[in-house]
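Data first, discussion second: the structure below is written as structure tokens.
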Amino acid sequence: MPVFFELTLYWFPFVYAPLFPAIFLLVVRRPDLHLDVDLRSAVLLMPAGLLLAAVLGEIEYRIVEPAALVTEPSVVQFLLLAAVMVLFVGFVEEVLFRGILQSALVEALGYWPGVLLTSFLFAMMHSVYGSVLEMAFAALVGLVFGVIYTRTRSIALVAVIHGVLNVFLFGFIPVYGSNVPAL
């Protein structure tokens, strides 16, 4: 069987990019979904969001201890990782989970049931790690992202936080190690 990409990092755009046309159609045809980018909220809250991403990335790294998705510690490799994680993984997953699923579930079930069910489904997606602790952590992260999205209505903010969390998880921490002492 042919190998399309030797690096795992290149699989992410291959998997997530086909969802962009569907997202575009939803944005155009379903304004009731409120898939706002709201860059103003994103820019104002970004420093706190980046700190949150670093903390969550550190915690998740201790749970799953993934290998680095960069081949060498270079600026180019980390920028590539950041672009993939924010523009593909963070954006697509946050549009799907917060923008579409959570919005629909909150409307149908009410605020907390909708946010909690979305967080549970986000956790189920993380079951591929085979760790109950990772699923519990993903549910908590989904809850935090859900509340942030509800308060700010900014897909951009939660997408960047999500993407930067993954940059710490799959880039900085595996390459440079943790500066946080073990508990």
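The numbering of the sequence shown is our numbering, which starts it at 1340 and goes up by one.
Just so you know, even glycine gets a beta-carbon here, dropped at the ideal spot from N, CA and C.
For residue j and residue i, the rounded distance between their alpha carbons
i	j	result
Ala-1443	Gly-1453	8 Å
Arg-1401	Glu-1432	22 Å
Tyr-1515	Leu-1391	19 Å
Ala-1422	Thr-1410	16 Å
Arg-1368	Phe-1359	14 Å
Phe-1507	Gly-1449	34 Å
Ile-1487	Leu-1479	12 Å
Leu-1419	Glu-1446	37 Å
Pro-1412	Ile-1512	11 Å
Gln-1416	Asn-1518	21 Å
Leu-1456	His-1465	14 Å
Trp-1350	Trp-1451	34 Å
Identity of the residue in the options nearest residue i by Cα
i	options	result
Gly-1388	Arg-1490, Val-1497, Tyr-1515 and Val-1506	Val-1497
Thr-1489	Gly-1469, Ile-1439 and Leu-1419	Ile-1439
Leu-1383	Leu-1472, Ala-1495, Tyr-1450 and Leu-1504	Ala-1495
Gln-1441	Tyr-1355, Asn-1505, Tyr-1349 and Asp-1371	Asp-1371
Asn-1505	Trp-1350, Val-1366, Ser-1380 and Pro-1405	Pro-1405
Met-1385	Leu-1435, Ser-1517 and Ser-1493	Ser-1493
Met-1474	Leu-1365, Ala-1393, Tyr-1349 and Val-1403	Val-1403
Residue i classed as buried or exposed, judged by whether at least 16 other C-beta atoms fall within 10 angstroms
i	result
Gly-1469	exposed
Phe-1509	buried
Arg-1437	buried
Phe-1363	exposed
Ala-1361	exposed
Tyr-1355	buried
Leu-1472	exposed
Within 8 Å, strictly: CB atoms of residue i and residue j
i	j	result
Val-1425	Gly-1481	no
Pro-1352	Phe-1427	yes
Ser-1458	Gly-1429	no
Thr-1347	Leu-1408	yes
Ala-1381	Val-1499	yes
Ile-1398	Phe-1461	no
Contact test: residue i Cβ vs the ligand SAM heavy atom, cutoff 7 Å
i	result
Leu-1482	What this structure holds is no ligand at all, so the ligand SAM is not there to describe.
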